[in-house]
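Undergrad: What follows is a structure written as structure tokens; I'll ask about it next.
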Amino acid sequence: MTVKELDGAPNVAALYPKVVLGGLRKSGGELPDLEYVRTGVVADAGRLAEYNKVCGFRLSDELPVTYPHILAFGLQMALMAEPSFPFPLLGMVHVANRITQYRPIRIDEPMTLRVRVQDLRPHEKGKQFDVISEAHVEGELVWSDVSTYLRRGGGGSGSGGGGKQLAAPTPDAIWRIPGDIGRRYAEVSGDRNPIHLHPLTAKAFGFPSAIAHGMWTKAHAVAAFEGRLPEAYTVDVKFKLPVLLPAKAAFTTWRTDEGHAFEVWNARKPKPHLSGTITAL
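Residues 1 to 281, numbered by our numbering, are exactly what the sequence shown covers, in order.
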């Protein structure tokens with residue numbers, strides 16, 4: 001495997017046009033045997049505080065389980081901007097995300113971040129693959145993230161996973177999600193995909209309005225469990241129907257033998273936006 005070590009954080013704002021426009025010339029192929037690495041990564045306290053505010057986490061001297069994903073996002077974009085990466089960003093759907101925290105990460109701990117792609121495999125709607133991100137502290141694996149993406153064979157837009165009509169459960173909470181949450185999350189995450197930013201740019205890609213980031217929805221759900229989470233656990237979600245902004249969403253949780261399960265669903269339909277589990281290691 002080829003390893004590319006970066007001295008600093010990639011400029012995501014500059015990478016987005018390259019990934020979107022340059023990717024239009026891509027038509028498939030094998031995933032690159034390539035890993036991006038960045039050492040000495042320390043969370044910025046100010047940016048972390050803003051992220052916590054947007055997602056609903058409390059201030060703490062430990063990173064929320066979803067925050068290293070934000071730190072690794074630039075490396076993910078840099079890898080997808082590589083000429084050897086086979087797919088354009090347009091048309092890719094984030095269908096699942098699994099994060100494992102092997103131990104809490106303090107805000108001041110320097111991390112080594114590693115990102116690679118693997119396991120290209122067929123899917124009934126095209127092909128899917130995994131983006132693997134890891135955080136190491138002094139050689140110890142402390143956090144890992146598997147984001148599964150679907151590349152639709154016939155193009156088109158929408159959300160992976162579909163959504164069956166649910167029997168309406170009694171929600172534990174109702175979320176009133178403002179129309180600007182996509183822009184607010186983009187500011188703290190660096191993910192400025194146009195489908196999240198404004199109704200006009202979302203409509204250009206086939207959505208009736210801007211949609212919330214899947215990773216914001218996941219983070220907001222996990223924040224509801226603060227104070228009840230073990231030190232080491234996995235939080236695994238499947239993204240289903242997109243959250244069209246502004247939105248009224250219902251959040252439901254229940255206990256399982258392994259930990260917790262939860263769903264976010266459209267409070268008016270109801271149809272599922274996200275389902276997930278939290279499992280202690």
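In this text, a Cβ means the ideal position worked out from N, Cα and C, and glycines have one as well.
#1: Are the segment 256-266 and the segment 117-126 touching by the rule of at least three beta carbon pairs closer than 8 Å?
#2: Taking C-alpha atoms, which residue in V235, M1, A49 lies nearest to D145?
#3: Could you please give the first and the last residue of the uninterrupted beta strand (DSSP E) stretch that includes K218?
#4: Could you tell me if G154 is buried or exposed, where buried requires 16 or more neighbouring beta carbons within 10 angstroms of its beta carbon?
#5: P17: buried (16+ other C-beta within 10 angstroms of its C-beta) or exposed?
#6: Where does G29 sit, in a helix, a strand or coil, going by DSSP?
#7: Could you give the residue range of the alpha helix (DSSP H) that holds M80?
#8: Buried or exposed: which applies to P10, given that a residue is buried once 16 or more other Cβ atoms fall within 10 Å of its Cβ?
#9: Which residues does DSSP pair with I99 in a beta bridge?
#10: Does DSSP put V42 in a helix, a strand or coil?
#11: Return the chain-ordered list of same chain residues with a C-beta closer than 6 Å to the C-beta of R183, the five sequence neighbours on each side being excluded.
#12: I'd like to know whether the C-beta atoms of L71 and A43 end up nearer to each other than 8 Å.
#13: I181 lies in the alpha helix (DSSP H); which residues open and close that run?
#14: Taking I107 as the reference, which of L63, A13, P171, K271 has the closest Cα?
#15: Which two residues bound the contiguous alpha helix (DSSP H) that contains T285?
#16: I believe K240 touches S275 by the beta-carbon criterion, under 8 Å. Please report the beta-carbon distance rounded to the nearest angstrom.
#17: Taking the alpha-carbon positions, what's the G161 to K238 distance?
#18: Is it true that the CB of E30 sits closer than 8 Å to the CB of P122?
#19: I need the straight-line Cα distance from E138 to G56, nearest angstrom please.
#20: Give me the residue from D172, R152, V222, A13 with the minimum Cα distance to L278.
#21: Report the three-state DSSP secondary structure of L150 (helix, strand or coil).
#22: Would I174 and V243 qualify as a contact pair, given that the criterion is a beta-carbon distance under 8 Å?
#23: In the DSSP assignment, find the unbroken beta strand (DSSP E) run with A250 in it and report its ends.
#24: Let's see if you can read the secondary structure: which residues bound the beta strand (DSSP E) around I107?
TA: Based on what the coordinates show:
#1: Touching, no, given that fewer than three Cβ pairs across the two stretches are closer than 8 Å.
#2: Here residue 145 refers to the residue found at position 145 of the sequence shown. The shortest C-alpha separation from D145 is found at V235.
#3: Within the sequence shown, the letter at position 218 stands for residue 218. That residue, K218, is in no beta strand (DSSP E); its alpha helix (DSSP H) goes 214-223.
#4: Walking along the sequence shown from the start, residue 154 turns up at place 154. Confidence in G154 is poor, its pLDDT being 48 and thus under 50, which makes the residue's placement unreliable; the coordinate value appears in the next sentence. Label assigned to G154: exposed.
#5: Counted from its first residue, the sequence shown places residue 17 at position 17. Classification of P17: exposed, given that the 10 Å Cβ count is below 16.
#6: As a first step, residue 29 is located in the sequence shown; it is residue number 29 there, counting from the start. Judged by DSSP in its simplified three-state form, G29 adopts coil rather than helix or strand.
#7: For the purposes of this step, residue 80 is taken as residue 80 along the sequence shown, with counting starting at 1. Residues 67-80.
#8: On the sequence shown, position 10 is the one that residue 10 refers to. Buried, by the Cβ-count rule.
#9: Numbered from its first residue, the sequence shown carries residue 99 at position 99. Partner(s): D145, V235.
#10: As a working mapping, residue 42 is identified with position 42 in the sequence shown. Three-state DSSP puts V42 in coil, outside helix and strand.
#11: By one-based count along the sequence shown, residue 183 stands at place 183. Taken in chain order, the residues that qualify are L197.
#12: Within the sequence shown, the letter at position 71 stands for residue 71. Within the sequence shown, the letter at position 43 stands for residue 43. Yes, these two residues count as a Cβ contact at 8 Å.
#13: Position 181 of the sequence shown, counted from the first residue, corresponds to residue 181. Per DSSP, I181 belongs to the alpha helix (DSSP H) from 181-189.
#14: Sequence index remark: in the sequence shown, residue 107 carries index 107 (1-based). Among L63, A13, P171, K271, the Cα nearest to that of I107 belongs to L63.
#15: The chain is shown only over 1 to 281; residue 285 falls outside these bounds and no answer can be derived.
#16: As a first step, residue 240 is located in the sequence shown; it is residue number 240 there, counting from the start. As a first step, residue 275 is located in the sequence shown; it is residue number 275 there, counting from the start. The pair is a contact, with the Cβ atoms about 7 Å apart (cut-off 8 Å).
#17: The sequence position of residue 161 within the sequence shown is 161, counting from 1. The sequence position of residue 238 within the sequence shown is 238, counting from 1. Any reading at G161 needs caution, since the residue's pLDDT is 46, under 50, leaving its predicted position unreliable; the model's value is listed next. Cα to Cα, the separation comes out at about 7 Å.
#18: Within the sequence shown, residue 122 is the residue found at index 122, counting from 1. Within the sequence shown, residue 30 is the residue found at index 30, counting from 1. Contact flag unset, no.
#19: Sequence index remark: in the sequence shown, residue 138 carries index 138 (1-based). Sequence index remark: in the sequence shown, residue 56 carries index 56 (1-based). So the two alpha carbons sit approximately 30 Å from each other.
#20: By one-based count along the sequence shown, residue 278 stands at place 278. The sequence given here places Ile at residue 278; Leu does not occur at that position. Out of D172, R152, V222, A13, V222 has the C-alpha closest to the C-alpha of I278.
#21: Taking the first residue of the sequence shown as position 1, residue 150 is located at position 150. L150 falls in the strand class under three-state DSSP.
#22: As a first step, residue 174 is located in the sequence shown; it is residue number 174 there, counting from the start. As a first step, residue 243 is located in the sequence shown; it is residue number 243 there, counting from the start. Contact flag unset, no.
#23: By one-based count along the sequence shown, residue 250 stands at place 250. Start and end: 247-255.
#24: For the purposes of this step, residue 107 is identified with residue 107 of the sequence shown, where counting begins at 1. Careful: I107 lies outside any beta strand (DSSP E) and carries neither H nor E.
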